[in-house]
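Trainee: Could you have a look at this structure, given as structure tokens, before my questions?
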Amino acid sequence: MKEDLREKILISSADLFLSQGFKATSTRQIAQKVGITQPNLYYHFPNKEELYVAVVEHISQQLATELNLLAAKDLPLKEKLVEMASFLQKEYHFDFAQMLKDIHNELPRESMVRLLMVWQESYQAPFIKVLTSGKEPLRQGLNEEVLVTQLFTLLASYTMVRPTGHAKKQVPLEQVIDLFLYGAIKR
Numbered sequence: 001m002k003e004d005l006r007e008k009i010l011i012s013s014a015d016l017f018l019s020q021g022f023k024a025t026s027t028r029q030i031a032q033k034v035g036i037t038q039p040n041l042y043y044h045f046p047n048k049e050e051l052y053v054a055v056v057e058h059i060s061q062q063l064a065t066e067l068n069l070l071a072a073k074d075l076p077l078k079e080k081l082v083e084m085a086s087f088l089q090k091e092y093h094f095d096f097a098q099m100l101k102d103i104h105n106e107l108p109r110e111s112m113v114r115l116l117m118v119w120q121e122s123y124q125a126p127f128i129k130v131l132t133s134g135k136e137p138l139r140q141g142l143n144e145e146v147l148v149t150q151l152f153t154l155l156a157s158y159t160m161v162r163p164t165g166h167a168k169k170q171v172p173l174e175q176v177i178d179l180f181l182y183g184a185i186k187r
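Numbered according to the UniProt record's numbering, the sequence shown spans residues 1 to 187.
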């Protein structure tokens with residue numbers, strides 16, 4: 001029962017944190033959404049920062065499991081990246097940039113370092129694994145972390161939401177991944 005409530009708190013908090021950001025989300029909103037009192041919320045999580053860290057870790061664990069399963073599939077590089085990007089787009093359609101901004105600007109250094117390690121292990125590592133698998137060798141001298149960051153940036157630029165609340169016209173992921181892998185120059 002206690003674990004069920006903890007899970008409910010994490011899920012409800014994730015909805016609020018990921019849609020509104022850390023700063024705009026209050027523990028009062030979270031408690032109301034879960035249907036508990038603030039003291040009950042604080043029984044499970046001593047403060048908003050600890051709750052945010054737990055939410056990001058919880059989401060990251062789920063995401064890492066699925067991304068690693070997709071990374072293990074026997075598919076050509078482009079297809080595998082499209083499947084992984086599609087999964088992120090469909091299942092985890094929150095604002096990565098906002099989440100990273102919150103981690104950098106709103107949390108104490110220890111929490112920031114902890115979550116950046118979680119980020120690397122759960123988000124970046126499966127993509128690095130795929131890109132460095134050797135099936136299609138990369139150009140020499142490329143930093144894998146920079147490469148994956150560029151991929152995430154490229155993907156985010158095509159899936160952002162406009163200030164009006166409407167999503168931009170969707171560009172096919174195949175085209176985005178193709179541009180990432182092969183560039184714009186005809187060879």
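We put the beta carbon where it would ideally sit given N, CA and C, even for glycine.
Just checking my contact of Leu-41 with Ile-30 at CB under 8 Å: how many whole Å lie between their CB atoms?
Mentor: Your numbering for residue 41 matches position 41 in the sequence shown. Your numbering for residue 30 matches position 30 in the sequence shown. Indeed they touch by this definition, with Cβ atoms about 6 Å apart.
Trainee: I need the DSSP call for Glu-121, collapsed to helix, strand or coil.
Mentor: Mapped onto the sequence shown, residue 121 falls at position 121. Three-state result, Glu-121: helix.
Trainee: Apart from the five residues on each side of it in sequence, which residues of its chain come closer than 7 Å, Cβ to Cβ, to Gln-124?
Mentor: Residue numbering aside, residue 124 sits at position 124 when the sequence shown is read from its first letter. The residues are Glu-145, Val-148.
Trainee: Would you kindly work out how many angstroms separate the C-alpha atoms of residue 231 and Ile-185, rounded to a whole number?
Mentor: Since the displayed the chain opens at 1 and closes at 187, residue 231 lies outside it and no answer follows.
Trainee: Between which two residues does the alpha helix (DSSP H) carrying Gln-32 extend?
Mentor: Taking the first residue of the sequence shown as 1, we reach residue 32 at position 32. Gln-32 -> alpha helix (DSSP H) spans 27 to 34.
Trainee: Rounded to whole angstroms, what's the CA-CA distance from Pro-39 to Leu-100? Just pull it up for me.
Mentor: Within the sequence shown, residue 39 is the residue found at index 39, counting from 1. Within the sequence shown, residue 100 is the residue found at index 100, counting from 1. Roughly 28 Å separates the two Cα atoms.
Trainee: Would you mind sorting Val-113 into buried or exposed? The rule is 16 or more other CB atoms within 10 Å of its CB.
Mentor: Taking the sequence shown and counting its residues from 1, the one referred to as residue 113 is at position 113. Classification for Val-113: exposed.
Trainee: Exposed or buried, Tyr-52, counting other C-beta atoms within 10 Å across all chains shown (16 or more means buried)?
Mentor: Walking along the sequence shown from the start, residue 52 turns up at place 52. Flag for Tyr-52 reads buried.
Trainee: What are the boundary residues of the alpha helix (DSSP H) that includes Ile-185?
Mentor: Taking the first residue of the sequence shown as position 1, residue 185 is located at position 185. No alpha helix (DSSP H) contains Ile-185, which DSSP labels as neither H nor E.
Trainee: Return the residue from the list Ala-54, Ser-19, Ile-11 that minimises the CA-CA distance to Gly-35.
Mentor: Position 35 of the sequence shown, counting from 1, holds the residue named residue 35. For Gly-35, the nearest C-alpha among the options comes from Ile-11.
Trainee: Going by beta carbon distance, what residues of the same chain come within less than 7 Å of Thr-37, once the five residues before and after it are set aside?
Mentor: Residue numbering aside, residue 37 sits at position 37 when the sequence shown is read from its first letter. Result list for Thr-37: Ala-31, in chain order.
Trainee: Starting from Thr-40, trace the alpha helix (DSSP H) both ways and give me its first and last residue.
Mentor: Position 40 of the sequence shown, counted from the first residue, corresponds to residue 40. This sequence places Asn at residue 40; Thr is not what is there. First-last of the alpha helix (DSSP H) with Asn-40: 38 to 44.
Trainee: Does DSSP classify Pro-126 as helix, strand or coil?
Mentor: Reading the sequence shown from its first residue, position 126 is the one you call residue 126. Reduced to three states, the DSSP call for Pro-126 is helix.
Trainee: What does a CB cutoff of less than 6 Å around Ile-173 pick up in its chain, not counting 5 residues either side in sequence?
Mentor: Residue numbering aside, residue 173 sits at position 173 when the sequence shown is read from its first letter. Per the sequence presented here, residue 173 reads as Leu, with Ile not at that position. For Leu-173, where only same-chain residues beyond five positions count, the Cβ hits under 6 Å are Val-82, Ala-85, Ser-86.
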